[in-house]
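Enquirer: Each residue of the sequence shown is one higher than the one before, starting from 1 at the first, in this note's numbering.
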Amino acid sequence: MKLLDTAIFIYAQGSPHRYYEPCRAIVARLATDSSDYTIDTELLQEVLHVYGHRGERDRAFRTFDRLIKLFPQPIPMTVDEVSAARELLERYPALSPRDAIHVAVVSTQGLEGIVTTDAAFGQIHGLSVFDPIALASESS
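(1) According to DSSP, which residues form a beta bridge with residue 113?
(2) Quick check: is any heavy atom of the ligand HEM less than 8 Å from the C-beta of residue 17?
(3) Looking only at its chain, what residues have a beta carbon closer than 7 Å to the beta carbon of residue 7, apart from the 5 residues adjacent to it on each side?
(4) Using CA atoms only, rank isn't needed, just tell me which of 35, 105, 136, 23 is closest to residue 72.
(5) Do the CB positions of residue 26 and residue 3 come within less than 9 Å of each other?
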């Protein structure tokens, strides 16, 4: 199972961009089968934050609600994930706290890796990173 990064959903709803179509393809596929993927509660918080910060509260709520329908049991943050994230932040100073949470979830939950557009995840030793362009082309 792969963790989905927030960027997948943001790009799928955004302006034309090199990741727009691949992210849309992944999101469309989730509507019929989300069994190979999961999200964490940090992703839900990020969706509310990003769209709320942009003044797009209605979009934040719609996206949140759709995600909960697709993934009714997002992986919650526990002290294990937050402690692992703290250790990652110490080891990788360029890593953001939000990204550290996602990496910690992959690690503590024994997930296959993360689907993301964010190159920063590539610096993490032992983390499998799946590019949406490659994933979208595999299924076409």
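Where a beta carbon is used, it is the ideal one built from N, C-alpha and C, also for glycine.
Because the structure is a prediction, the values reported are computed rather than measured.
Expert: In short:
(1) Within the sequence shown, numbered from 1, the residue matching residue 113 stands at position 113. DSSP lists 2 as partners of residue 113.
(2) No copy of the ligand HEM occurs in the structure displayed, which carries no ligand at all.
(3) On the sequence shown, residue 7 is found 7 positions in, with the first residue counted as 1. For residue 7, where only same-chain residues beyond five positions count, the Cβ hits under 7 Å are 116, 117, 118.
(4) Position 72 of the sequence shown, counted from the first residue, corresponds to residue 72. The option with the nearest alpha carbon to residue 72 is 35.
(5) Walking along the sequence shown from the start, residue 26 turns up at place 26. Walking along the sequence shown from the start, residue 3 turns up at place 3. For the 9 Å CB-CB criterion, residue 26 and residue 3 do not form a contact.
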